[in-house]
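Notes follow once the structure below has been shown.
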Amino acid sequence: MTGKINAGRFFEDFKLGEVIPHATPRTITSGDTALYIALTGARNPLHCSAPFALSLGYAQMPIDDLLAFHIAFGKTVPDISVNAVANLGYADVRFIQPVFVGDTLTTSSEVIGLKQNSSGKNGVVWVRSTSVNQDQQPVLSWVRWVMVHKKNLAAPAPETVIPDLPAFVAAKDLRLPAPFNVHQEIAVATGGRYFWEDYSVGERLRHPAGLTINDSDHTLATHLYQNNARLHFDAHLMQSTPQGLRLVYGGVVISACRALSFEGLENALSIAAINGGTHANPSYAGDTIYCMTEVLDQWTLPHPQLGALRLRMIGLKNIPPDHVENIKTSQGYHPNVVLDLDYTVLIPRKGN
Amino acid sequence: MTGKINAGRFFEDFKLGEVIPHATPRTITSGDTALYIALTGARNPLHCSAPFALSLGYAQMPIDDLLAFHIAFGKTVPDISVNAVANLGYADVRFIQPVFVGDTLTTSSEVIGLKQNSSGKNGVVWVRSTSVNQDQQPVLSWVRWVMVHKKNLAAPAPETVIPDLPAFVAAKDLRLPAPFNVHQEIAVATGGRYFWEDYSVGERLRHPAGLTINDSDHTLATHLYQNNARLHFDAHLMQSTPQGLRLVYGGVVISACRALSFEGLENALSIAAINGGTHANPSYAGDTIYCMTEVLDQWTLPHPQLGALRLRMIGLKNIPPDHVENIKTSQGYHPNVVLDLDYTVLIPRKGN
Amino acid sequence: MTGKINAGRFFEDFKLGEVIPHATPRTITSGDTALYIALTGARNPLHCSAPFALSLGYAQMPIDDLLAFHIAFGKTVPDISVNAVANLGYADVRFIQPVFVGDTLTTSSEVIGLKQNSSGKNGVVWVRSTSVNQDQQPVLSWVRWVMVHKKNLAAPAPETVIPDLPAFVAAKDLRLPAPFNVHQEIAVATGGRYFWEDYSVGERLRHPAGLTINDSDHTLATHLYQNNARLHFDAHLMQSTPQGLRLVYGGVVISACRALSFEGLENALSIAAINGGTHANPSYAGDTIYCMTEVLDQWTLPHPQLGALRLRMIGLKNIPPDHVENIKTSQGYHPNVVLDLDYTVLIPRKGN
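Chains as they are written, first to last, in the working numbering: chain R, 182 to 533; chain L, 182 to 533; chain X, 182 to 533.
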C-alpha cells in the first residue's frame, strides 16, 4: 500500500484564507554559501567577503538573495505545486531583510485566490508565501499562482477570488538595509565602475559570459534548495516526455543569469524585489545560458547613498546576447529565450 | 620504483585480534552537511534545522546518520578492502551516539574472523570497525567481511574463525538519544502525519520519487567520504571491465534510498542500526534509483515516547516500485534490484 | 550597448610598476574546504582534522595550500588574463603563511615586466601577484606571465623589461610553519611510513590511482575559485574551437595530481613553493588523470624536524604512469602529459 505517501493537495483541497505551514525548516550554513558560489560562479563581494559586508554596515555577511529565495521557495513545493499542471507566475517578491549564516528559515503559504477553470478539471490557486527566520521575523514574501488538478471532479467550485497584485513592488515598499554605508572602496571590491547615475532607462547590457548547465550541477542545486519536484531529478520518468530529459529548475536559470550579469552590474549589490517573471522556454542539461539586461526604471530612494534600478533580465539559451534583437514578437518569445524576469536592485549612488 | 606506494593488505597480512588504525581523521564541518543535502536531497529536519534539533533535546544539530557512517567507513577502505575480490556483507551496524559539526572521527578495525578459501588463492576477513570522536567515545561500530586475495600463495592458512553475528541488533541494544522530547510540532517540521503506531508489520511503502545518478555527483559523494576505491573514480581503468563504467559506491545508493523514502517515513527521524545488507546489482551513472520499504518488525523501547521499526529498504534501478512485485525469486534477485537493506529506525509514538 | 562590460586590459593598458587591485575579496569558509575534498578526494589530515593540525602546533586547521592558491589566483583572471592569447608560465610561487577558515583573501598584481612581440600585435606581461589576509599579511605570492593582445596596434611599444626570476625558490626562502611539532603519531594520521630521509634524488613514484574529470565537477571547482575565464564554462562558445569542448582549468589538474600523489607522499604535509610549471597538453571532461612524481632535490632546513623535497609532478591523461617512460623527447612532451610541475614540499624527518 502507498497510503502513507503524501499525494499533495488537489484543487479542491485549497481553501481561501487557509495558512499552510511547510515542512523542513532550514538552518543556513556556510556550506550552503560555498556551494552557491560553486554552482553559479557568483562573485558579488557582499556575499563572499565578511569584511566588505561589515564595511557597508551589515552585522555579518548576508547570504545571496537568490540562495535565500530558492531555499524558502523549495519548501512550498510539496504542498503547493506537486500536482501542478503549470506554474503560471509569481509576483510581489519582496526581500524584506537579509539572511545570515545561522538563520533558520521556515515558510508558510496563505491561499489568497482561487478560480476553477471552465473545464471543471482543474483550477488556479494563488498563494502568498512568507518565510520567517528563527525570531519569527519575515525575511521573504512572494505571491505565486499555479494551475492544479482536481482529484474529485464532483467537488463544488469555490467562489472565484482573484487577488489584486501590483505590477511591480513600488519604490516606497522596498526595504532598505540599514544603515548601509556607501564608501569609496566599493568599486575596488566589486571591480565595477558604474553606479546608479551611470545607467539610463532603456539601456541594454549584453553580458558576454555563458554558462553551460550539466545534469549534476542543476540537480545538486535543486537538491540544495530541497525542492523535490520530480521532473528535475527522475530521468527515467522524463524519458516519456516529448523532450525526454530532466527539466532544469527555473531558479537555476535565474541564478545563472544573476551571476552572468555581474559583468556590467557589479555594483547592483542587492536584489530588493522580483516584480514578475516568465520561464519562456524550458532548459535542459547541455544548454548554455546567456543573459541580457534592460534598464526599465530608475528610482531615487529615501536613502542619500542608494538608488534602485528596475531591470529586465532576459535569459537566453545557446545564443549569445549580441545575436538577439527581438526578445518577443507577435508570435511570442524568441525560441532561445528561457527567462524574462522583472526585478529591482539596490545600487549605490556616485559622489557620496 | 613504486616501492613507497602502499599496496594494501593481502589475506595473509591479517592476523586475528589485530587492531588496525586507519588514517585520515576527519573533522566534520557544515560544508559536509550542506554537500550531503545537495548530493541526496535529504529533507529530514533533524539534520537541517538547529531549532528543531534543540526542541527534541539535542545539544546541537546532529549530522545525518548515513553521512557519519560513510565518512567513518571510507577510512577503512585503504587498509581493508583495497585488495578485496568482493565486499561480502556487513552486519551489526550500531549508531551509538550522534555526530555533530566539529566532531572529529577516527576509525580503527579489529580482525575478528579469518577463513582461507579452499582454492588457497584468497580468503575471507571479518573486521569490527569502530569510529570514535575526539573524546574517544565510540559513535559508530560495524562488522563487515570481505574476500581478499593472497599475495603469497605459500603463506600458511590461518586457523578458521568465523564470528558469531546477530541477525539484527536487538531492541535492547539500541542506543536512544537522551533525553529526546517528543512534542506536537514534530509533524509540522517533518510534514509527516504517521507515527510508530500507524505502521504495521508486512506493510509496504512504494515511495514514488526517483533520483538519477550522474558521474559527477556520485564521485563527489564518494570523495567527500574519502573512500578511495579506484573503481568509483577511474573511468580509464573501468573501460576494461564488462560494463565499461565506473561503479557507483554502494553507500551512494543507500543514501539515495534513505532520501527517497522520506516520503512515507517522514517521522523516522534516526537510524539506530543497520542489521545487514546486500548490493544485489551494481549501479552506474545514468541509473535512476527508486525505493520501496517493507516493515519487518515493530518494537517498543524503554522510552515512553519512542518506538523502533525494523525496515527493509529495497533499492531499485530504472523501474518504479509500483512495477515490482517480487523482489527475489528462486532465481535470485529481480535484475533491477540494487539494494536489499535491513535497518532499524527510531520514530516517535503518538499520543504523547 | 555593452559599454559597461569590462573588456579587460589589453597589452598597451599595462604599465610597468603599476599595481592592480583585484575585485571580490573572499572569506574562506568550511564550505570551501568540504567542497575541496569532494572535488579532489584530498586525504591529507592537516586539512581535514583539527586535532591533528593542533597537535603539530597550528592554532587551527589550515586549508589546503592549493585551495588557497586557486582562490587567490582566480581573482587575477578578470584583470590579467581575460584577453590573454596564452598563459605562458608561472614561477616563484611562495606559500608564505597558512590560510584558515575565516580568513579573507584579497589579491593585487604588480606589473614587473613588459615585452611587445615583434609582430606588434601582442606582447608579454609579467605580473607579481600577492594575496593578503584580513590583517594585510601576505599569504601567497607568485609571478605569472601571459601573452596579451594589443587593441590599439598604434600604441607605442613600452620599454622591454624582463624580470629576473629564480629557477626555483631556494631552501633559505621557504617559510616554515612555526612551531611545527613533529611527533610519533603523524604516520598514524597520514597512513604513510616514509619520511624525508626515505626519499632519494632521482627516485620516481608511479601513483596508481586515476581520477576521471567530468563537466560538472571541473566547472564547480573553477567557479568555487571564482575564476571566470570563459573557456571553462561556455560549451556553446567552445563548439567553434578545434576540440569543441570546454577546457579544464589547469588548477583542477594540479589539484587532482596532488590528491592522486598522496599515495606514496602521505607525509608531504605542506606545499612550500611552486617553482614553475607547464600545462603540456589540455584536459577535457572524460579524461582520466594520473600522476607520477620524480624527486628533484632534497634539502635540510633550519628546523630540526622538517626537511624539504623538491618534486616534479607529472600529470598524465588516459594512461597509467607505469606505461610512460619518457615524459619528454626531442619532439616535445609525450602527448598524454598534461602537467609538468616543479614544486617543493615540507616533510617531517625521521627519528625526531
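Backbone N, C-alpha and C define an ideal beta-carbon position, used for all residues, glycine too.
Predicted, not measured: the structure shown is a model, and the values here were computed from it.
C-alpha distance - residue i paired with residue j, whole-angstrom precision
i                 : j                 : result
alanine 390(L)    : tryptophan 480(X) : 58 Å
histidine 399(R)  : glutamate 199(L)  : 46 Å
isoleucine 500(R) : alanine 461(R)    : 15 Å
isoleucine 470(R) : valine 274(L)     : 46 Å
threonine 393(X)  : alanine 402(R)    : 22 Å
aspartate 478(L)  : leucine 227(X)    : 45 Å
isoleucine 367(X) : asparagine 448(X) : 8 Å
asparagine 517(L) : asparagine 395(R) : 26 Å
valine 429(X)     : alanine 359(R)    : 42 Å
Residue-chain proximity (residue i, chain X), Cβ-Cβ < 8 Å
i                 : result
leucine 216(L)    : yes
aspartate 415(L)  : yes
leucine 227(R)    : no
asparagine 533(R) : Legend: pLDDT at asparagine 533(R) = 49, less than 50; position of this residue unreliable, no value from coordinates given.
lysine 185(L)     : yes
leucine 428(L)    : no
serine 230(R)     : yes
proline 344(R)    : no
glycine 372(R)    : yes
C-beta neighbour in chain L for residue i, strict 8 Å
i                 : result
arginine 411(X)   : no
isoleucine 261(R) : no
leucine 392(R)    : no
aspartate 521(R)  : no
methionine 182(X) : At methionine 182(X) the pLDDT is 42, less than 50, meaning the model places this residue with poor confidence; the figure from the coordinates comes in the next sentence. Not closer than 8 Å to any Cβ of chain L, the Cβ of methionine 182(X) fails to qualify, so no.
proline 202(R)    : yes
histidine 364(X)  : no
leucine 220(X)    : yes
methionine 376(X) : Checking the sequence, you will find phenylalanine at residue 376(X) rather than methionine. No, phenylalanine 376(X) lies away from the interface with chain L (no Cβ there is under 8 Å from its Cβ).
methionine 494(X) : no
histidine 251(R)  : no
Assigned secondary structure, residue i (DSSP; H/G/I helix, E/B strand, else coil)
i                 : result
glutamate 340(X)  : coil
tyrosine 217(L)   : helix
asparagine 362(L) : coil
proline 319(L)    : strand
cysteine 438(R)   : helix
histidine 203(R)  : coil
glutamate 193(R)  : helix
leucine 235(X)    : helix
glutamate 378(R)  : helix
glycine 432(X)    : helix
valine 258(X)     : helix
leucine 412(X)    : helix
serine 211(L)     : helix
Short CB-CB distance (under 8 Å) between residue i and chain R
i                : result
glutamine 315(X) : yes
aspartate 398(L) : yes
Expected contact under 8 Å - CB spacing of residue i and residue j to nearest Å
i                 : j                    : result
histidine 515(X)  : valine 505(X)        : 6 Å
arginine 356(R)   : isoleucine 277(R)    : 5 Å
valine 308(X)     : glutamate 291(X)     : 6 Å
tryptophan 326(X) : valine 306(X)        : 7 Å
valine 329(L)     : phenylalanine 191(L) : 6 Å
histidine 404(L)  : threonine 288(L)     : No, histidine 404(L) and threonine 288(L) are not in contact; Cβ-Cβ is about 17 Å, not under 8 Å.
serine 211(R)     : valine 282(R)        : 5 Å
glutamine 241(X)  : valine 363(X)        : No, glutamine 241(X) and valine 363(X) are not in contact; Cβ-Cβ is about 19 Å, not under 8 Å.
Opening and closing residue of the beta strand (DSSP E) in which residue i lies
i                : result
aspartate 523(L) : 518 to 529
glutamine 479(L) : 469 to 481
proline 463(L)   : Premise fails: proline 463(L) is in no beta strand (DSSP E) and is neither H nor E.
alanine 454(L)   : 451 to 459
Host alpha helix (DSSP H) of residue i (start-end)
i                    : result
methionine 419(X)    : 416 to 419
histidine 404(X)     : 396 to 405
valine 369(X)        : 367 to 371
phenylalanine 254(R) : 246 to 255
heavy atom of the ligand SAM below 7 Å from residue i C-beta
i             : result
valine 320(X) : For the ligand SAM, the structure offers nothing, since it holds no ligand at all.
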